[in-house]
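Everything on this sheet refers to the single structure shown next.
Laid out in structure tokens, this is it:
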């Protein structure tokens, strides 16, 4: 066994401090012996030196160095894009050849890691994770087998070892696709949202016309022409608040590597510029303030409020400038600006000659064409000048019987109200309903037809809050004028602010508050759509949907679930923008739009295999990059200071990593030997000095 001074070490038998004191004492004694020229100085010096060396305990360690194998990481791309064409076969063949190449090489340890990817390919995240468990001095190289479409390529990388890339796929691949360059996160309701879209087809000259179809939410289709390989502006209408979706589809070529990215989902969020509300109040009363405070506190609402302080026929000498700040602009409101309002509220309003009857007909037309009206009814609703005897009364979801009920009652949420988004959040549980304050007056009403939704009931479960859709618009009636009691906390109060806020926003067509909504969800296996219908009224019967690719119509039936919703499953595997419809027993249909937002993931945006994305980083790490279809490179072992790749070969670094194996310890001055030596020296010294 070869030994070197690297194997030499000391293991003191005493504390270093004590050894230092002992050494100083020995040196002082030797100097004293030398000064006084005492006999036996040499022998005593040798004995003390041997003793000190024995206490220091010099020794050699017996150790061997074992050469460690070099680790080569092989990262295999198993993302969705690797299933295109023959890429999977190329990948498997490359792995097999690499295994065979190093099967008998004990100096190489292959670590093969497969990197999956449904929506993107994160090869370098996997590389960072694996490098955390590898001693960097043992890393001989990294080999990536991929189609080159990697989505987490760093700007720089220093492995200290070669990085090689073997690219799957064919060099002549062709894939035309739609790609979004600029999105529109928000759009103003009633206007258009602008997107920048590029139709990419490298087989076409830049600017060549490309036919594209746009599918809108309402099922209509629009034909567009986009210039090839350059961004172009595309607009979609924003008809309502909330998510607004459209889909672009480009014609497919049979020789494309992937046809999924011929579709593009355009999505924005519709926001209203300002909600405009017209509040018309009768004579001043406590409930008037509740509406005014609520609407003025909402920053998204512009409120126009008029209160009729005195009817025209009332005769007194009160100056006009003390009655109102401005005259009542009847013509301006009901002829010029009526359609600018999103909601009109009649709060205990009486005709009394202020508003001509034909203007109420304009309000009815305004509602039927998409507006909204709410009536808060008090006793005056039933009077000769009350709204119950007008066309507006005929528009309401309930009809007054002519009776005013004056007795204490607590408003309650009924069965439909527990489902409807307006009242569901305040309904509480069935077993422990909320304890609200009492009201003391209610107008007796009856529902006009089957499509009326009564959400709150009062005395004898008579309708208290009723809603109704009227053609394109909406109408509601609150059959009591005593909601202000909740606002003042009478008898414990109630959730008046939340109720009125949700009611007014339902009337103004807030999508999140729509009743009878159909929610769609893609099944776990991706082969079907699950429809959930929160239904008020007649039971649903069938669900219908069309395959977005073939146009084939499929039907299924609904089943009741434990949470009082209805579910149906449509066997539609094709992904994209899908319109579904549901039918109930009364023949009423409800439609919904399903969108697979992952139809164009990072993994599918560009499926052409390429070496361009990795080339710069691979070359910076001294690596080889080329396509597998040209043949695998010859893998060679190279020293650290050599070039790591050539035109047809790829180098794997031969490191100098080793492991030290420690064996026994050899003491240079064993204690028994030292004891014998000291004894002999003492005898020899005594013998010499005794002569």
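In the numbering used here, the protein residues as written are 557 to 1247.
Yeah, the Cβ is synthetic: ideal placement off N, Cα and C, and Gly gets one too.
Inter-residue spacing [alpha-carbon to alpha-carbon] between residue i and residue j
i: residue 722; j: residue 1171; result: 11 Å
i: residue 1092; j: residue 975; result: 7 Å
i: residue 927; j: residue 897; result: 8 Å
i: residue 1248; j: residue 1191; result: The structure shown has nothing for residue 1248, since the chain only spans 557 to 1247.
i: residue 631; j: residue 661; result: 20 Å
i: residue 814; j: residue 1164; result: 8 Å
i: residue 557; j: residue 590; result: Legend: pLDDT at residue 557 = 47, less than 50; position of this residue unreliable, value from coordinates given subsequently. Each residue's alpha carbon lies about 44 Å from the other.
i: residue 602; j: residue 1235; result: 12 Å
i: residue 822; j: residue 1129; result: 21 Å
i: residue 689; j: residue 696; result: 14 Å
i: residue 1248; j: residue 635; result: In the structure displayed, the chain extends from 557 to 1247; residue 1248 sits before or after that span and is not available.
i: residue 1000; j: residue 1096; result: 31 Å
i: residue 686; j: residue 1206; result: 21 Å
i: residue 1242; j: residue 571; result: 32 Å
i: residue 996; j: residue 863; result: 24 Å
i: residue 816; j: residue 799; result: 23 Å
i: residue 1077; j: residue 1180; result: 45 Å
i: residue 1055; j: residue 1075; result: 24 Å
i: residue 1066; j: residue 1110; result: 31 Å
Residue of the options minimising C-alpha distance to residue i
i: residue 854; options: 1053, 1009, 1072, 804; result: 1053
i: residue 1021; options: 987, 1081, 989, 956; result: 956
i: residue 906; options: 823, 900, 886, 941; result: 941
i: residue 706; options: 1177, 1157, 1179, 1211; result: 1157
i: residue 1069; options: 1076, 1166, 1058; result: 1058
i: residue 1149; options: 1184, 1117, 1088, 1202; result: 1088
i: residue 1113; options: 646, 1104, 1127, 925; result: 1127
i: residue 1025; options: 808, 1199, 951, 1041; result: 951
i: residue 604; options: 580, 1167, 615; result: 580
i: residue 1177; options: 1194, 1201, 1056, 752; result: 1201
i: residue 614; options: 1242, 1233, 1231, 1226; result: 1226
i: residue 573; options: 586, 612, 600; result: 612
i: residue 1099; options: 1123, 977, 860, 1061; result: 1123
i: residue 802; options: 904, 1153, 837; result: 1153
i: residue 1250; options: 624, 1047, 849, 1168; result: Past the edges of the chain, shown from 557 to 1247, lies residue 1250, and the structure says nothing about it.
i: residue 1072; options: 1004, 1103, 972; result: 972
Bridge partner(s) assigned by DSSP for residue i
i: residue 1088; result: 1075, 1123
i: residue 995; result: 965
i: residue 751; result: 790
i: residue 1237; result: In DSSP, residue 1237 forms no bridge with anything.
i: residue 1214; result: 623
i: residue 581; result: Note: residue 581 sits in no beta bridge, so no partner.
i: residue 861; result: 835
i: residue 1042; result: Answer by DSSP bridge pairing: none, since residue 1042 is not bridged.
i: residue 952; result: None; residue 952 has no bridge partner.
i: residue 741; result: Paired residue(s): none; residue 741 is not in a bridge.
i: residue 902; result: 836, 931
i: residue 499; result: One cannot answer for residue 499 here, as it falls past the ends of the chain, which runs 557 to 1247.
Helix, strand or coil at residue i according to DSSP, with G and I counted as helix
i: residue 1017; result: helix
i: residue 925; result: coil
i: residue 1200; result: coil
i: residue 843; result: helix
i: residue 1150; result: strand
i: residue 795; result: coil
i: residue 1166; result: coil
i: residue 1185; result: helix
i: residue 1060; result: helix
i: residue 1229; result: helix
i: residue 1022; result: strand
i: residue 623; result: strand
i: residue 829; result: coil
i: residue 1008; result: coil
i: residue 781; result: strand
i: residue 1112; result: strand
i: residue 768; result: strand
i: residue 557; result: Caution is warranted here: a pLDDT of 47 is assigned to residue 557, below 50, making its placement in the model unreliable, and no coordinate value can be reported.
i: residue 1174; result: helix
i: residue 890; result: helix
i: residue 774; result: coil
i: residue 568; result: coil
i: residue 1133; result: strand
i: residue 1191; result: strand
i: residue 735; result: strand
i: residue 1050; result: coil
i: residue 1081; result: coil
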